[in-house]
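One structure below.
Number of protein chains: 2
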Amino acid sequence: MSENKPAQGWIIEETSFDPRYIAKGESILAQGNGYLNLRCAQEEGYVGQRRGAFITGTFNKSMEDEVTELPNLPDVTELVLSIRGERFSMDRGCWEDYARTLDLRTGEVVRRLRWTSPKGDVVELCFRRFVSLDEEHLAAFSLELTPRSGPLELVMESGINSRITNTGSQHCTEGEKRLLGGEVLRLCAWTCQSQIPVAIHCVHRFSLPPERALPVMERRRFVNRYSFRLAQGQTLRMEKLACYHTGRDLPFAAPECPAGTGDMAAVSEAGDACIQTAAGRGYDALLAASARRWSAYWEKNDVEIDSPDPLDQLGLRFALYHLNIMIKRDDSRVGIGAKGMTGEGYKGHSFWDTEMFLLPHYLFTDPAAARTLLEYRWRSLPGARRKARENRYEGAMFPWESAWLDDGEVTPQFGAADIATGDSIPILTGLLEHHITADIAWAVWLYYTATGDEAFMDRCGCELLVETARFWASRLEWRGEPGRYEIRNVIGPDEYKEHVDNNAFTNYMAAWNLEYAAGIMERMERAWPGAWANLSSRYNLPDLVQEFRAKRQALYLPVPGPDGLVPQNDQYLGLEKIDLTRYKCQAGVSDIYEDYSQAQMNHLMVSKQADLVMLLRIMPELFDAETRRKNFLFYESRTLHDSSLSHGQHCILAAWLSLEEMALELYRHACAVDLGPNPASSDEGIHSASMGNIWQCVVCGFAGLQWHADVLSLDNHLPKSWRRMAFCLEWQGARLRVELTPERIAVTHLSGRAVRLQLAQTMHTLSQNGAQRAESGGGN
Amino acid sequence: MSENKPAQGWIIEETSFDPRYIAKGESILAQGNGYLNLRCAQEEGYVGQRRGAFITGTFNKSMEDEVTELPNLPDVTELVLSIRGERFSMDRGCWEDYARTLDLRTGEVVRRLRWTSPKGDVVELCFRRFVSLDEEHLAAFSLELTPRSGPLELVMESGINSRITNTGSQHCTEGEKRLLGGEVLRLCAWTCQSQIPVAIHCVHRFSLPPERALPVMERRRFVNRYSFRLAQGQTLRMEKLACYHTGRDLPFAAPECPAGTGDMAAVSEAGDACIQTAAGRGYDALLAASARRWSAYWEKNDVEIDSPDPLDQLGLRFALYHLNIMIKRDDSRVGIGAKGMTGEGYKGHSFWDTEMFLLPHYLFTDPAAARTLLEYRWRSLPGARRKARENRYEGAMFPWESAWLDDGEVTPQFGAADIATGDSIPILTGLLEHHITADIAWAVWLYYTATGDEAFMDRCGCELLVETARFWASRLEWRGEPGRYEIRNVIGPDEYKEHVDNNAFTNYMAAWNLEYAAGIMERMERAWPGAWANLSSRYNLPDLVQEFRAKRQALYLPVPGPDGLVPQNDQYLGLEKIDLTRYKCQAGVSDIYEDYSQAQMNHLMVSKQADLVMLLRIMPELFDAETRRKNFLFYESRTLHDSSLSHGQHCILAAWLSLEEMALELYRHACAVDLGPNPASSDEGIHSASMGNIWQCVVCGFAGLQWHADVLSLDNHLPKSWRRMAFCLEWQGARLRVELTPERIAVTHLSGRAVRLQLAQTMHTLSQNGAQRAESGGGN
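First to last, the sequence lines map onto chains X and L. Numbering of the first sequence is given in our numbering, commencing with residue 1 and proceeding in unit increments. Numbering of the second sequence is given in our numbering, commencing with residue 1001 and proceeding in unit increments.
Quick look at the structure:
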């Protein structure tokens, strides 16, 4: 899929059209701004194409037997070209001089080719498109078409198509179609269950007047049909500007009604005005405004890598591109989907991916965005409380999959086929994967540590910590025989294993949650009086502190056995070992499920993803260096990395353990999750958490960033072949620039408050006026 | 699309794969049995493909803003073949030796080709399929695949796909997927609003055991993935047997609940048993059983034509094929869709097409089927009464578009774009096209005339006649000035014209309906005591008779003016004449709407279809021969035949008027409605009424069949170039064989009661024991 131009490091380029990569290309080259994302489907249609337009927060339930998901909204990307009666398609006739590029600097995708039709007509085509980072409602497209073999007749159909479904499930009404002022096509539809009004507008501009323009309305399709006669060598330029508005847009929301209005008139009028403005400016001016925003983003967020393998740089910039289009930084009513908004995969739902894999990136580059993500969890408390009640627990039991604020748990009930029984495998994560509640509490701690944001703690943080701890206090099970609390019948991060007891990651995170909440509650009356007033009106906080401490003390926490191994759970170290070689080299995902049923998987010593290793990464101080090393190597050998969450976290551990070659290899695996050659890896969208992981590999792994004991520390684990790496960080109100070479690590204070940090074991204080720069020699 | 083998006259053959004809081919080659119809989509996918599976009566409303329609049910026709990693598709690599044939004698479609993959592998493929005429739930498929260039790996995915929609509108829940006994794939889903349980089963059989068989469950898709290694020259044969069952099937219906059960268990168990039986028999045996049914059908229904142009014969057999798969002869809960069940067009709704264009064929070949169709209207009376009440009329006002029995009017509200305003054009037929109510009454008369079925009259016919007449009595408007009743603001058969006054066809049909009902009512007490008891308990029948007669007497009926022309409506003869040449030669349909808005169309002297001509055809005795000729020629010149209902009826008039060349040309136009070269003519399904028209052209036109004055009459209007024509007829309990040559027309009495008939002006009596044969010399 991807080849980069070494000189640039900014271009994702495709130089061949291979039908096997159609859906993957749509995901990887998706464009957006966190409000509106479009998959990069070719304008003409192909089998296997999965056109997609998504707007954050527009969740809807298509039918009674389904769960709420992010709807695939009506499409504006389709363009049907007929050249002397032959439909343009790259799998008809023949093509040459093909290239499709995404320029990460501007967010523009350009596709060029020369096409010879089955009739022998030759045309040059250049398609361009972007979703504006400057005007979030707007997407723009252009086409330049030049006949090269003689004059020809061209017919072009373009407009709005509401036949789009989420893999067959329809979310939108057919809607009302209108042609405004003879040129603007407008479709006004509703989501069928959540009743969100959606207005879509588009308008076309041409460098030559069409011979004919005819509006064509069909069921769920509204296009204009334009006819042209072009001379040989005469270039037609078409621009299509389109905008999306919905009743869930922030301007229509209010504190008392976060879901926004159901007022179609207001929504469609906003679109009427928007499309007029856009039409007045045109593609090039709109692109320039968007590109300026991208430029500002890169100015602040670029991570420079000087490596002999240019993919090392490109992979990270690719991750940063997607990290920017997957988040709506100013809207705390929405989370980040596991595929961002680049596909239908995981239904737009948010998982622990947000807190553990994505939040660190946002926290260290744009702390306000991290706060928005945590506020989303705080605003979702009603659903989490309901889930706890429904499961007979107390406090907040966060949904494994989250959608709209008050949806609660939205994990689907069934997944793929079990090869033994032939039935759908029940999806138990919504019932059993409990650690997410502690993960969210941990993210509150991390945010507070990195920002010292007392207002957030007062309004949201304290409540999140108390309610999550209350869940754990009710969740622990007393076992008379060993005389301790245990946590039985869960799924840990390793989702190959269901119904396990005492998953080490879960138990340690629960213990930490109880302990940290107790500590915060003791400081609450003084430090966060608003939270104190609110929570003490509901609970006897001193009693809760006692309960949390007592339970945490009596909670079983697995420790290394005689062989030095910490058991991932009570069962794991006694399971059957099988040869994992062929699955370690698997082409796809979940290949092992083609050989073993879910029941059998529970008896094999094989992990899907970082689980005990995740504990080593989040709480490195728990065990001594030798234990960390031993456990990492053991679990790495049993892990198939059958999850995009995995390679990156193993990479960090490998870097910290100075397993340098392994670390670099794992980094490249992480980059290959979406950019690699597997044609089906990303059909349903890119892997959001993987983008966060790629950033974490470099910043937390190779630059050794740690946040433990409330201190920012950095260390030099630069891969041997890399010549230089540089990036910026935000920490406790300061903005810092970090630069690594094989010889040294240097930190420059760019702006903000004075901060202390640890560079390769040595503490430094940096400020604007005092020492602005700290340096340390080569690490390891 | 179609080329026939002259020697045969039974084969619809396609010898080239042209992407423009994909959807049309699916319609034309559709297979079915009146219960289950499948569009003939290629097993592999293409852009523009519109897979379709329809089961009669399973009407559902997808969303609130839509009307009830026949759902496109989950698909079993898809087969994804991967040959050494290359997806089989005719628009990839290259193909040769291609032919796809529908054998009308057996109902089997066979597709053969030799394909060279993009990697250079050569395979021979032969796909076969049929929908059983013997076991209505069953469809069967087979594939023979032979590697020709070397050994190869083959992966085949096949199963059930519920991503199918009606052009983007989903009707079915995702459903429950189960693999039964390790080999039967079952999907159990519900229609989302009408809550009809639908169970779909399939099973695969192979001549070689697959190396691997893996069930794959995805969202709305459940397939088995089979892997094979084939040696060069080694042929793999695959059979796929599939069956559909729904809660609306006749066995689940009862008089008190015609809609059937909502019991999924009963439905899925019926399918479990059905698929086991089918699997035990296999493709060849199942095909043989179905082919025997087809053979019996042709034995009874074939119309033999000996013409120098073999398409004349093929076109008629093609019509007879579709006339057999569009009707469920034993189910009076369902009508016939305007596209049969060969596509989504017109949403599976029934129009006047059934009574005026289709019913004559069934009546003269299978009178019981005609009764079933009329019983459907009788069972739909509640919806017709409701429509009358809602429009402030009395009696039964039949819906312009009908779906399930109690749905009432289901005409959609909006159609295509108006080129002047850019808005959707409101569809007014449901409000204004009133003649359908008289058309149904007329069909009751025709059925009674042809069968003398007193039991039908007693149970259904009398009630239909009284209720339809009551509608007209309430519909007439008294105009003081001319001192007469008029019928204003209607749409006649010519749908180019909205809001017209005194449409001649409508007024004459209404007058006839009032008159005929009055006559029936006067005989009712004696002839049909059951109907009398029923209706006289509700109405004062003698008063109604008086009212009907009085109103009919005072109803304005247009007559020829000084120029001999009968005005189609009050406005028509004063409208603006434009040059119609380019629209007369139109490639598509409704081309004129690309130049004129609906408002403008109302002012042009142009007709969409037979309107006044339809009156001349239904009531030829109204006017003298010269007036008939004059009006036919005049209206033919103003008619664009922008409806499949039109050519055939004009053909009959032309034949009757001895306009022999024009008649043959119009017949061939009627055959070309679906079989002609226009690539988009039939994308949304074949034209049911056109199939009835083709039969009427030959039997009513060229063989001069008339039923006027309750007498069967025949006349010889054989086209000059035709050498012979022969067919069978049912009439008043007798079965007759009719044979025409240029020289003579001969009728043979085959079985049943003695009947009188008129041959070219001379009356004959034919019976089993007396005169069995009547002959007359050449006609015209």
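The beta carbon of each residue, even a glycine, is placed where N, CA and C say it ideally should be.
Which value, in whole angstroms, describes the spacing of the CA atoms of residue i and residue j?
| i | j | result |
| --- | --- | --- |
| L1766 of chain L | A1672 of chain L | 37 Å |
| M1691 of chain L | L1358 of chain L | 8 Å |
| K1240 of chain L | M1521 of chain L | 57 Å |
| M90 of chain X | L675 of chain X | 23 Å |
| D837 of chain X | F456 of chain X | The shown model of chain X, from 1 to 780, leaves out residue 837 of chain X, and the question about it has no answer. |
| E1078 of chain L | R737 of chain X | 57 Å |
| C1651 of chain L | Y1667 of chain L | 6 Å |
| L640 of chain X | F634 of chain X | 13 Å |
| E69 of chain X | L1316 of chain L | 51 Å |
| R290 of chain X | T15 of chain X | It should be noted that the sequence gives Ser, not Arg, for residue 290 of chain X. Each residue's Cα considered, the two are about 26 Å apart. |
| V1155 of chain L | E1044 of chain L | 13 Å |
| W1532 of chain L | G1519 of chain L | 13 Å |
| L180 of chain X | C202 of chain X | 10 Å |
| E1515 of chain L | S1537 of chain L | 22 Å |
| L1323 of chain L | L236 of chain X | 49 Å |
| E1144 of chain L | E13 of chain X | 41 Å |
Does the Cβ of residue i have 16 or more other Cβ atoms within 10 Å, making it buried, or fewer, making it exposed?
| i | result |
| --- | --- |
| M1763 of chain L | exposed |
| K720 of chain X | exposed |
| L208 of chain X | exposed |
| W478 of chain X | exposed |
| T106 of chain X | buried |
| D1018 of chain L | exposed |
| V1559 of chain L | exposed |
| A1007 of chain L | Model confidence at A1007 of chain L stands at a pLDDT of 45, short of 50, so the residue's coordinates are unreliable; what they give is reported in the following sentence. Looking at its Cβ environment, which holds fewer than 16 other Cβ atoms inside 10 Å, A1007 of chain L is exposed. |
| P529 of chain X | exposed |
| S637 of chain X | exposed |
| N1780 of chain L | Residue confidence is low: N1780 of chain L scores 41 on pLDDT, short of 50, so the model does not pin down where it sits. Its coordinate-derived value is still stated next. Exposed, by the Cβ-count rule. |
| C585 of chain X | exposed |
Have a look at the options and flag the residue whose alpha-carbon is nearest the alpha-carbon of residue i.
| i | options | result |
| --- | --- | --- |
| V216 of chain X | L:N1033, L:T1068, L:I1083, L:I1425 | L:I1425 |
| Q1649 of chain L | L:L1616, L:S1658, L:R1628, L:N1631 | L:L1616 |
| N1342 of chain L | L:L1038, L:Q1706, L:N1693 | A small fix is needed here, since residue 1342 of chain L is Thr in this sequence, not Asn. The option with the nearest alpha carbon to T1342 of chain L is L:L1038. |
| S268 of chain X | X:A189, X:P493, X:P308 | X:A189 |
Return the bridge partner residues of residue i from the DSSP annotation.
| i | result |
| --- | --- |
| Y447 of chain X | Y447 of chain X pairs with nothing; no bridge assigned. |
| N1166 of chain L | L:S1169 |
| C585 of chain X | Note: C585 of chain X sits in no beta bridge, so no partner. |
| P251 of chain X | None, per the DSSP bridge assignment. |
| K61 of chain X | The partner list for K61 of chain X (beta bridge, DSSP) is empty, contrary to what the question assumes. |
| W1478 of chain L | L:Y1485 |
| K339 of chain X | X:M341 |
| C1160 of chain L | Per the sequence shown, the amino acid found at residue 1160 of chain L is Ile instead of Cys. Bridge partners of I1160 of chain L: L:F1222. |
| I305 of chain X | X:M725 |
Say whether chain C places a C-beta atom closer than 7 Å to the C-beta of residue i.
| i | result |
| --- | --- |
| Q1170 of chain L | The chain labelled as chain C is not found among the protein chains of the depicted structure, namely X and L. |
Any chance the region 58-72 of chain X sits against the region 160-172 of chain X, with 3 or more Cβ pairs inside 8 Å?
-> yes
Report yes or no: do three or more beta-carbon pairs, one from the region 431-446 of chain X and one from the region 1238-1253 of chain L, lie closer than 8 Å?
-> no
Using 8 Å as the threshold, is the region 1029-1037 of chain L in touch with the region 1322-1337 of chain L, meaning 3 or more CB pairs across them?
-> yes
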